[in-house]
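Asker:
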Amino acid sequence: MSLDTEDLWNRIYTVNPLVIIGSTEADGTPNFAPKHMAFALGWDGYFGFVCTPDHSTYQNIRDNKSFSVSYPKPEQIVLSSLTSSPRQMDDTKPELRVMEQFTADNIPETFLAEGYLFLECLLDRFIDGFGRNSLILGKIIKASADEEYLRSASKDDNDLIYQHPLLCYLYPDRFAVIKKSNGFPFPKGFRK
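Shown next, in the form of structure tokens:
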């Protein structure tokens with residue numbers, strides 16, 4: 327079946343990470359926005375996500391030249407959703423005030439507390455022109471993680487994911503908790 331590219335992503339589910347991008351408003355208050363079109367850019371410490379220039383997130387990053395990335399745990403799905411609450415008449419999101427937060431060490435941004443991975447990013451560049459969307463690219467200058475989520479030789483990877491499940495977003499309107507995984511069948515001689 328052929329799909330109309332204008333409506334493609336609304337017609338089929340795709341698996342994506344769910345991250346919370348932190349930026350700082352002009353008045354100094356933290357801003358959070360959930361993003362699912364977000365990803366590592368290679369293996370050399372770069373991160374990117376899709377946003378539109380109309381959003382405060384884009385404008386804040388343009389002005390401050392930095393952003394934070396929080397990877398929420400599955401039990402934070404409601405908090406993650408609340409970060410996308412509409413702004414009030416005074417241009418604020420009151421829901422953000424009740425969320426536990428902490429400040430980054432090297433940039434003037436804030437994280438959503440209790441996540442499992444946190445990235446401090448300096449703006450590398452914007453790539454505009456994907457229709458009404460843009461790609462925001464950052465250089466990771468510091469990464470921190472919940473120790474229980476870290477891989478190690480002493481932990482079985484399957485047990486790690488079972489004991490510390492991961493949250494993913496199924497665009498356009500669902501989420502999933504990943505507790506079970508299988509080793510990928512890489513061919514002999516595979517290299518990244």
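FYI, in our numbering the residues of the sequence shown are 327 to 518.
Just so you know, even glycine gets a beta-carbon here, dropped at the ideal spot from N, CA and C.
1. Can you give me the C-alpha to C-alpha distance between Glu440 and Asn390, rounded to a whole angstrom?
2. Drop a sphere of 10 angstroms on the beta-carbon of Ser411, count the other beta-carbons inside from all chains shown, and report buried for 16 or more, exposed for fewer.
3. Could you give the uninterrupted runs of the beta strand (DSSP E) lying entirely in the region 432-496, keeping only those of 3 residues or more?
4. Thinking Ile467 and Glu446 are a contact (beta carbons under 8 Å), I'd like their distance in whole angstroms, please.
5. Along the beta strand (DSSP E) that carries Gln427, what are the first and last residues, could you check?
6. Rounded to whole angstroms, what is the Cα-Cα separation between Leu493 and Lys514?
7. Among all the DSSP beta bridges, which residues are the ones paired with Thr350?
8. Three-state secondary structure (DSSP) at Phe420?
9. Would you check if there are 3 or more beta carbon pairs closer than 8 Å linking the region 395-413 to the region 343-352?
10. Quick one, which of Phe452, Tyr497 and Glu332 has its alpha-carbon nearest Phe373's?
11. Starting from the N-terminal side, write out each stretch of the beta strand (DSSP E) that is 3 residues or longer and does not extend beyond the region 362-387.
12. Asn336 and Asn357 - do their beta-carbons sit closer together than 8 Å?
13. Do you know offhand how far Pro420's Cα is from Phe375's?
14. Could you give the DSSP three-state label for Arg500: helix, strand or coil?
15. How many whole angstroms separate the CB atoms of Gln427 and Thr418, which I take to be in contact at a CB cut-off of 8 Å?
16. Taking the continuous alpha helix (DSSP H) assigned at Glu407, which residues delimit it?
Answerer: Here's the rundown:
1. As a position in the sequence shown, residue 440 is number 114, starting the count at 1. As a position in the sequence shown, residue 390 is number 64, starting the count at 1. The straight-line gap from Cα to Cα measures roughly 25 Å.
2. In the sequence shown, the residue the question calls residue 411 occupies position 85. Classification of Ser411: exposed, given that the 10 Å Cβ count is below 16.
3. 436-438, 443-456 and 459-471
4. Working through the sequence shown from its first residue, we reach residue 467 at position 141. Working through the sequence shown from its first residue, we reach residue 446 at position 120. Yes, they are in contact, since the Cβ atoms of Ile467 and Glu446 sit about 5 Å apart, within 8 Å.
5. Translated into the one-based positions of the sequence shown, residue 427 becomes position 101. Start and end: Gln427 to Thr429.
6. As a first step, residue 493 is located in the sequence shown; it is residue number 167 there, counting from the start. As a first step, residue 514 is located in the sequence shown; it is residue number 188 there, counting from the start. Computed Cα separation, rounded: 31 Å.
7. For the purposes of this step, residue 350 is taken as residue 24 along the sequence shown, with counting starting at 1. Thr350 pairs with Pro356.
8. Mapped onto the sequence shown, residue 420 falls at position 94. Just to set this straight, residue 420 is Pro in the shown sequence, not Phe. Three-state result, Pro420: helix.
9. yes
10. Stepping through the sequence shown from its first residue, residue 373 is reached at position 47. Phe373 has its Cα closest to that of Phe452, out of Phe452, Tyr497 and Glu332.
11. Here the runs fully enclosed are 364-366 and 372-377.
12. Start at 1 with the first residue of the sequence shown, and residue 357 comes out as number 31. Start at 1 with the first residue of the sequence shown, and residue 336 comes out as number 10. The answer is no: Cβ separation not under 8 Å.
13. Stepping through the sequence shown from its first residue, residue 420 is reached at position 94. Stepping through the sequence shown from its first residue, residue 375 is reached at position 49. Those two C-alpha atoms are separated by around 25 Å.
14. For the purposes of this step, residue 500 is taken as residue 174 along the sequence shown, with counting starting at 1. Strand at Arg500.
15. In the sequence shown, residue 427 corresponds to position 101, counting from 1. In the sequence shown, residue 418 corresponds to position 92, counting from 1. Not a contact, Cβ separation roughly 15 Å.
16. Mapped onto the sequence shown, residue 407 falls at position 81. Glu is not the amino acid found at residue 407; the sequence shown has Ser there. Here the alpha helix (DSSP H) through Ser407 covers Ile403 to Leu408.
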